[in-house]
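Student: Input: one structure, supplied below.
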Amino acid sequence: MNATNSTLMQSEDAVVTVLRVKAGYTNDKGEVYDRDGRFIDFPRELGSKQRLPLDPSSVDKQFRHQRVACVVQERRNYSYYHWTYETLPKLIYLSNKRKEFKVDKLYFHFGYLGHPYQRQALRRLGFSYCQVLDAKRIKSLMAQEIVVVKLNETRLEPSNHLCRAIKAVFINRPVKEPYRKIYLTRDHIKTGRKLINEIELRELLDAYGFQIVIAEKLTVAAQAKLFNESKYVISPHGAALANIAFCEPGTKILELFNQTNRSMWSPLYSRIAKSCDLELRPIPPKQLAESMESNHRSNFHTDLVLIKAALTEWGL
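Under the UniProt record's numbering, think of the first position of the sequence shown as 1, with each following residue one higher.
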């Protein structure tokens, strides 16, 4: 980046780094060019290794008089977890800086699928669906100003600062004394990691007063409220556990894994739990489904003995 070019401004805070380009170009690869078509080497989460010359004739110019914020995503951001911890923080920053940036459009690289949780988050932050530009439809564009927001943290180690920012979007008044006991079922999920002994587990948890929850049927606001009110959470490993950022410190969590090899267990939620001062305990499987290889989609028998021991240790 040329420091003498007055069209470029870069700033940084604890969560994001921001690049502002006057009269620039951007495309569906997350690349940014100045008004002369020169590539700007700004650290991004993605981008093609080979920068092809910009072809001005192929650029959509209908937004040349508007300010466009580039929400650079990776393809995996389509899931609820990655949206929450990688994309939502960028939108929070843009919302907080609304008066400074005065953004007209949001350009989502690799496409914006319009999932209910995405629309709900945009509305919550004061953005409207008509502001969304989809890179599947618009491959490149020119704008009066381009604002690129890069997340400084990795998705694998979200900090307490980031988790608190996410929590504040949906929780205005945290519950003083969490009281709920919830079990997040995956029995309806088509992509695997279902409990083969789901019925037996539900019978066990029913005796302890646990509520059965299908998180996907709730709005994000309702999920946030539910987790904020929960003192005990049990769930197979999955995206619904992204909601533990809404929990109050001290909440106890059992994460049920489907792989016997502990080195294959995802550390995502244990790291979030550590950042948020939660107590998360992993539970290994007792048995995998017959004729099914051990992978992250395997259905499995969870270990009821270990779960009951944990409940007893919690004083339930």
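Note that CB positions come from ideal geometry on N, CA and C, so glycine has one too.
1. Measure from the alpha carbon of Glu-229 to the alpha carbon of each residue in Lys-167, Glu-203 and Pro-284, then state which is nearest.
2. Ordered along the chain, which non-local residues of its own chain (more than five positions away) have a Cβ less than 8 angstroms from that of Ala-121?
3. In angstroms, rounded to a whole number, what distance separates the CA positions of His-301 and His-115?
4. Run through the segment 108-151 for me and flag every whole beta strand (DSSP E) of 3 or more residues, listed as ranges in chain order.
5. By how many angstroms is the C-alpha of Asn-299 removed from the C-alpha of Glu-290?
6. Taking the beta carbon of Pro-178 as the centre, do at least 16 other beta carbons fall within 10 Å, making it buried, or is it exposed?
7. Could you check how far apart the C-beta atoms of Arg-64 and Gln-144 are, in whole angstroms? I think they sit under 8 angstroms.
8. With 16 other CB atoms within 10 Å as the buried threshold, where does Cys-130 fall?
9. Would the beta-carbon of Val-16 fall within 8 angstroms of that of Val-149?
10. Sort out for me which residues DSSP pairs residue 325 with in a bridge.
11. For a test of the three-state rule: what should DSSP assign to Cys-70, helix, strand or coil?
12. Sort out for me which residues DSSP pairs Ile-234 with in a bridge.
13. If you draw a straight line from the alpha carbon of Asp-277 to that of Glu-255, how long is it in whole angstroms?
14. Flag this pair as touching only if the segment 134-142 and the segment 19-28 have three or more C-beta atom pairs under 8 angstroms; answer yes or no.
15. Pull up the distance between the alpha-carbon of Ile-40 and that of Val-32, whole angstroms please.
16. Excluding sequence positions up to five away, which residues of its chain have a Cβ less than 6 angstroms from the Cβ of Tyr-183?
17. Quick one: what's got a C-beta closer than 8 angstroms to Ser-270's C-beta in the same chain, skipping five residues either side?
18. DSSP state of Glu-279, grouped into three classes?
19. Rounded to the nearest angstrom, how far is the Cβ of Ala-207 from that of Ile-244, given a contact under 8 angstroms?
20. Return the residue from the list Pro-158, Arg-193, Arg-173 and Cys-70 that minimises the CA-CA distance to Ile-146.
21. Alpha carbon to alpha carbon, how far is Gln-62 from Arg-124?
22. At what residues does the beta strand (DSSP E) containing His-65 begin and finish?
Tutor: With the structure as the only source:
1. In the sequence shown, residue 229 corresponds to position 229, counting from 1. Of the candidates Lys-167, Glu-203 and Pro-284, the one whose C-alpha sits nearest the C-alpha of Glu-229 is Lys-167.
2. Locating residue 121 in the sequence shown gives position 121, counting from the first residue. Closer than 8 angstroms at Cβ, skipping near neighbours: Trp-83, Leu-88, Leu-91, Val-169 and Val-220.
3. Mapped onto the sequence shown, residue 301 falls at position 301. Mapped onto the sequence shown, residue 115 falls at position 115. Approximately 31 angstroms, taken between the alpha carbons.
4. 132-134 and 140-151
5. Counting from 1 along the sequence shown, the entry for residue 290 is found at position 290. Counting from 1 along the sequence shown, the entry for residue 299 is found at position 299. Note that Glu-290 has pLDDT 49, beneath the 50 cutoff, so the model's placement of it is unreliable and the number below is only indicative. So the alpha carbons of these two residues sit roughly 9 angstroms apart.
6. Reading the sequence shown from its first residue, position 178 is the one you call residue 178. Counting Cβ neighbours within 10 Å, Pro-178 comes out buried, since at least 16 surround it.
7. Locating residue 64 in the sequence shown gives position 64, where the first residue counts as 1. Locating residue 144 in the sequence shown gives position 144, where the first residue counts as 1. Correct: roughly 6 angstroms between the Cβ atoms.
8. Position 130 of the sequence shown, counting from 1, holds the residue named residue 130. When all chains shown are included, Cys-130 counts as exposed.
9. Residue 16 sits at position 16 when you count from the first residue of the sequence shown. Residue 149 sits at position 149 when you count from the first residue of the sequence shown. Yes.
10. With the chain running from 1 to 316 in the structure shown, residue 325 is simply not present.
11. Your numbering for residue 70 matches position 70 in the sequence shown. In this structure, Cys-70 counts as strand in the three-state DSSP scheme.
12. Residue numbering aside, residue 234 sits at position 234 when the sequence shown is read from its first letter. Its beta-bridge partners are Tyr-183 and Leu-254.
13. Counting from 1 along the sequence shown, the entry for residue 277 is found at position 277. Counting from 1 along the sequence shown, the entry for residue 255 is found at position 255. Taking the straight line from one Cα to the other gives about 16 angstroms.
14. yes
15. The residue you call residue 40 lines up with position 40 of the sequence shown. The residue you call residue 32 lines up with position 32 of the sequence shown. Cα-Cα distance, rounded: 6 angstroms.
16. As a working mapping, residue 183 is identified with position 183 in the sequence shown. For Tyr-183, where only same-chain residues beyond five positions count, the Cβ hits under 6 angstroms are Leu-205, Phe-210, Ile-212 and Ile-234.
17. Along the sequence shown, read from residue 1 onward, the residue named residue 270 stands at position 270. Closer than 8 angstroms at the Cβ level, and outside the excluded window around Ser-270, lie Glu-255, Leu-280 and Pro-282.
18. Locating residue 279 in the sequence shown gives position 279, where the first residue counts as 1. Reduced to three states, the DSSP call for Glu-279 is strand.
19. Taking the first residue of the sequence shown as position 1, residue 207 is located at position 207. Taking the first residue of the sequence shown as position 1, residue 244 is located at position 244. Rounded, the Cβ-Cβ distance is 24 angstroms, inconsistent with contact.
20. The residue labelled residue 146 in the question sits at position 146 within the sequence shown. Out of Pro-158, Arg-193, Arg-173 and Cys-70, Cys-70 has the C-alpha closest to the C-alpha of Ile-146.
21. Residue mapping note: residue 62 aligns to position 62 of the sequence shown, counting from 1. Residue mapping note: residue 124 aligns to position 124 of the sequence shown, counting from 1. C-alpha separation (whole angstroms): 28 angstroms.
22. Along the sequence shown, read from residue 1 onward, the residue named residue 65 stands at position 65. His-65 -> no beta strand (DSSP E), and no H or E assigned at all.
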